[in-house]
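Chemist: First residue of the sequence shown: 842, per this note's numbering; consecutive thereafter.
Sharing a structure, written as structure tokens. Questions coming.
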Amino acid sequence: MATKKRILLLNYEFPPLGGGASPVSYDIAEGLSETGEFDIDVVTMSYKLLPAYEKINDSFRIYRVKSLRSRKEICHPWEQLTYLLFGYLKCRSLLKQNYYDICHSHFIIPTGILSYILKKQFGLPFIVTAHGSDVIGYNSRFKMIYPFLVKIWKIILDNAKIVISPSDFLRNKIVKVYPRFDRKKIIIIPNGIDIEKFHPQSKRKIIFSSGRLLRSKGFQHLIRAVSDEDIKWEVHIAGDGPMMNELKQLAERSKTKIIFHGWLDNNGKEYKDLLEQAAIFCLLSKYESFGMVLLEAMLAGCAVITSNSSGCVEIINGSGLVVPPENDQTIGKTINLLVLDWNRISALGDEGRQRAIKFYDREIISRQYSKYL
């Protein structure tokens, strides 16, 4: 029997913590462990009463290290530093006990810093998967600290065996920041999903949107797009973030009913039911490297409306509708036309679901990853 390759997987966000990159890294790890070819140890952040050690199966284990993380859905830079410190101590301990063939780091920053240190001290090679906010200049939320990270960010890229990007959109962002970096070293592997996770239920007059409530996510444009008249549908928004109060004030003036659910676990029943019963899903981000919620919506049979300026276009590839991300008028017209056409809603929902199953099954994605591990 062939010896399994041992992977040390690093991500400061791992379920149930974090946003879209969190379940992505879990699905990759679980998918690889189920092939019988890989043995995986994950080092991630602790949070409140989460267990310090968890065994998922015989080839997949999770170690959670001390941190100052204060919220489940978001992690601040100073909290990430505590992960680097205690994560290093745990990795050092594991490397003294076990042999690893490679380290797989999710996020160039901050996690790639730890991978780079382990390479220098222990000779452990690493690959890194970029997700969006870890690319210099990508997220306005980090604009004050990006200038201080450019040097180490480039060092991490130079030292990685390969860099994996979920979309051509994000690869172009990386190359724009670092033009001298070898573009061929950036491999495109889209995010995958467990295709059994969501199934369409009987569809209702619900427009659903979810994510962190940040200005770049475009929830304000969705609300404005349906505010002038009652379209006889409900708009449901799931998520939490700094725009919550502003969005609620905006919604008070809307003639179409807007319902806020706060942060929902995307593995929970409430989220699952909302997504599977929603006829339309909107993701109107100004920029999005991939957009896992979009993939979930497609799998749930929603007709998708998304922005035309980011990696979302690559995901749907004609199986949904695209709009300019900050154009309230065009967004409104697109929604108004779609809510009157149930045949088109049904057709788009079916087309999107089939595309998700055909191209984004996590088993397919895991096989792509296995070529580089």
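Every residue gets a Cβ at the ideal spot worked out from N, C-alpha and C, and that includes glycine.
Since the model is a prediction, treat every value here as computed from it, not as a measurement.
(1) Quick check: does the Cβ of Tyr-1128 come within less than 7 angstroms of any heavy atom belonging to the ligand PLP?
(2) On the DSSP bridge list, what partners appear for Lys-896?
(3) Among residues of its own chain, excluding the 5 on either side of Phe-901, which ones have a beta-carbon nearer than 7 angstroms to its beta-carbon?
(4) Buried or exposed, going by whether 16 or more other CB atoms sit within 10 Å of the CB of Asn-1032?
(5) Considering only C-alpha positions, which residue in the set Met-1139, Gly-1059, Gly-859, Pro-857 is nearest to Gly-1159?
(6) Quick one: what does DSSP say Leu-1124 is sitting in, helix, strand or coil?
(7) If you reduce the DSSP assignment to three classes, tell me which class Leu-850 lands in.
(8) Looking at the structure shown, is Gly-1193 part of a helix, part of a strand, or coil, going by DSSP?
(9) I'd like the list of long-range same chain contacts for Phe-983, defined as Cβ closer than 7 angstroms, with 5 residues on each side in sequence excluded.
(10) Suppose you measure from the CA of Ile-958 to the CA of Tyr-1213; what does that come to, to the nearest Å?
(11) Checking the sheet assignment: what are the DSSP bridge partners for Ala-1119?
(12) Report yes or no: do three or more beta-carbon pairs, one from the region 1183-1197 and one from the region 939-946, lie closer than 8 angstroms?
(13) Helix, strand or coil for Met-985? Go by DSSP, reduced to three states.
(14) If the criterion is Cβ atoms closer than 8 angstroms, does the pair Gly-953 and Ile-997 meet it?
(15) Quick one, which of Ser-1207, Asp-1202, Tyr-853 has its alpha-carbon nearest Asp-1035's?
(16) DSSP beta-bridge partners for Glu-920?
(17) Judging by CA-CA distance, which residue of Ile-1099, Ile-1005, Leu-1124, Pro-951 is the nearest neighbour of Val-991?
(18) Just reading off the beta strand (DSSP E) that Ser-1130 is part of, what are its end residues?
(19) Please go through the same chain and pick out, in chain order, the residues whose beta-carbon is closer than 7 angstroms to the beta-carbon of Val-1067, but skip the five residues on each side of it.
(20) What distance in whole Å lies between the Cβ atoms of Leu-1125 and Leu-1063, which are believed to be in contact at a cut-off of 8 angstroms?
(21) Measure from the alpha carbon of Glu-895 to the alpha carbon of each residue in Tyr-888, Lys-889, Tyr-904, then state which is nearest.
(22) Please state whether DSSP places Ala-1144 in a helix, a strand or coil.
(23) By the DSSP assignment, the alpha helix (DSSP H) with Asp-868 in it spans what residues?
(24) Go through its chain and collect everything with a Cβ distance to Asn-980's Cβ below 6 angstroms, but skip five positions before and after it.
(25) Excluding five sequence neighbours on each side, which residues of the same chain lie with their C-beta closer than 8 angstroms to the C-beta of Leu-922?
(26) Could you tell me which residues DSSP pairs with Lys-1113 in its beta bridges?
(27) Name, in chain order, the residues that DSSP records as bridge partners for Cys-944.
(28) Cβ of Phe-1131 within 8 angstroms of Cβ of Gly-1152?
(29) In chain order, what residues of the same chain lie with their CB nearer than 8 angstroms to the CB of Ile-1206, ignoring the 5 residues before and after it?
(30) Could you tell me which of Ser-863, Lys-846, Pro-966, Thr-844 sits nearest to Tyr-853, measuring between CA atoms?
(31) Mark Glu-1137 as exposed unless 16 or more other C-beta atoms lie within 10 angstroms of its C-beta, in which case mark it buried.
(32) Kindly indicate the opening and closing residues of the alpha helix (DSSP H) around Leu-1011.
(33) Compare the Cα-Cα distances from His-972 to each of Gly-861, Cys-932, Leu-850 and report the closest residue.
(34) Does Ala-1001 pass the burial test, meaning 16 or more other C-beta atoms within 10 Å, or should it be called exposed?
Modeler: So, to answer that:
(1) In terms of ligand content, the structure shown is empty, and the ligand PLP therefore cannot be addressed.
(2) On the sequence shown, position 55 is the one that residue 896 refers to. The beta-bridge partner set that DSSP reports for Lys-896 consists of Arg-902.
(3) Reading the sequence shown from its first residue, position 60 is the one you call residue 901. Residues of the same chain with a CB within less than 7 angstroms of the CB of Phe-901, apart from the 5 flanking positions on each side, are Ala-870, Glu-871, Ser-874, Ile-881 in chain order.
(4) Residue numbering aside, residue 1032 sits at position 191 when the sequence shown is read from its first letter. With 16 or more Cβ atoms within 10 Å of its Cβ, Asn-1032 is classed as buried.
(5) The residue you call residue 1159 lines up with position 318 of the sequence shown. Put simply, of Met-1139, Gly-1059, Gly-859, Pro-857 the residue whose alpha carbon is nearest the alpha carbon of Gly-1159 is Met-1139.
(6) Against the sequence shown, residue 1124 aligns to sequence position 283. Of the three classes helix, strand and coil, the one that applies to Leu-1124 here is strand, per DSSP.
(7) Against the sequence shown, residue 850 aligns to sequence position 9. Strand, per DSSP.
(8) Start at 1 with the first residue of the sequence shown, and residue 1193 comes out as number 352. In the structure shown, Gly-1193 adopts helical secondary structure according to DSSP, grouped into three states.
(9) Your numbering for residue 983 matches position 142 in the sequence shown. Non-local C-beta neighbours of Phe-983 in its own chain, meaning closer than 7 angstroms and more than five positions away in sequence, comprise Ser-974, ordered along the chain.
(10) Numbered from its first residue, the sequence shown carries residue 958 at position 117. Numbered from its first residue, the sequence shown carries residue 1213 at position 372. One C-alpha to the other measures close to 21 angstroms.
(11) As a first step, residue 1119 is located in the sequence shown; it is residue number 278 there, counting from the start. Arg-1045.
(12) No: fewer than three Cβ pairs fall under 8 angstroms.
(13) By 1-based counting over the sequence shown, the position of residue 985 is 144. If DSSP states are grouped into helix, strand and coil, Met-985 belongs with coil.
(14) Numbered from 1 along the sequence shown, position 112 holds the residue referred to as residue 953. Numbered from 1 along the sequence shown, position 156 holds the residue referred to as residue 997. Closer than 8 angstroms, so yes.
(15) Residue 1035 sits at position 194 when you count from the first residue of the sequence shown. Nearest to Asp-1035 by C-alpha distance, out of Ser-1207, Asp-1202, Tyr-853, is Asp-1202.
(16) As a working mapping, residue 920 is identified with position 79 in the sequence shown. Beta-bridge pairing links Glu-920 to no other residue.
(17) By one-based count along the sequence shown, residue 991 stands at place 150. Considering only alpha carbons, the answer is Pro-951.
(18) Mapped onto the sequence shown, residue 1130 falls at position 289. Membership of Ser-1130 in any beta strand (DSSP E) is not indicated, and neither H nor E is assigned to it by DSSP.
(19) Working through the sequence shown from its first residue, we reach residue 1067 at position 226. Closer than 7 angstroms at Cβ, skipping near neighbours: Val-1076, Ser-1095, Thr-1097, Gly-1173, Ile-1176.
(20) Residue 1063 sits at position 222 when you count from the first residue of the sequence shown. Residue 1125 sits at position 284 when you count from the first residue of the sequence shown. Contact flag correct, Cβ pair sits at about 6 angstroms.
(21) Here residue 895 refers to the residue found at position 54 when the sequence shown is read from its first residue. Minimum Cα distance to Glu-895 is reached at Tyr-904.
(22) As a first step, residue 1144 must be located in the sequence shown, where it is residue number 303. Note: Ala-1144 maps to strand in three-state DSSP.
(23) Walking along the sequence shown from the start, residue 868 turns up at place 27. Segment 862-874, the alpha helix (DSSP H) holding Asp-868.
(24) Against the sequence shown, residue 980 aligns to sequence position 139. For Asn-980, where only same-chain residues beyond five positions count, the Cβ hits under 6 angstroms are Ser-974.
(25) Taking the first residue of the sequence shown as 1, we reach residue 922 at position 81. Its chain contains Pro-951 as the residues whose beta carbon lies nearer than 8 angstroms to that of Leu-922, once the 5 sequence neighbours on both sides are disregarded; these appear in chain order.
(26) Here residue 1113 refers to the residue found at position 272 of the sequence shown. Answer is none; Lys-1113 lacks a bridge partner.
(27) Sequence index remark: in the sequence shown, residue 944 carries index 103 (1-based). DSSP output for Cys-944 lists Leu-849, Phe-967 as bridge partner(s).
(28) Stepping through the sequence shown from its first residue, residue 1131 is reached at position 290. Stepping through the sequence shown from its first residue, residue 1152 is reached at position 311. Less than 8 angstroms divides the Cβ of Phe-1131 from the Cβ of Gly-1152.
(29) The residue labelled residue 1206 in the question sits at position 365 within the sequence shown. Excluding sequence neighbours, Ile-1206 sits near Asp-868, Ile-869, Gly-872, Ile-1030, Pro-1031, Asn-1032, Gly-1033.
(30) Start at 1 with the first residue of the sequence shown, and residue 853 comes out as number 12. Here the closest residue by C-alpha is Ser-863.
(31) Position 296 of the sequence shown holds residue 1137. Classification for Glu-1137: buried.
(32) For the purposes of this step, residue 1011 is taken as the residue at position 170 of the sequence shown. That run of the alpha helix (DSSP H) goes 1009-1018.
(33) Working through the sequence shown from its first residue, we reach residue 972 at position 131. Per the C-alpha coordinates, the member of Gly-861, Cys-932, Leu-850 positioned closest to His-972 is Gly-861.
(34) Along the sequence shown, read from residue 1 onward, the residue named residue 1001 stands at position 160. By the neighbour-count rule (16 or more Cβ atoms within 10 Å), Ala-1001 is buried.
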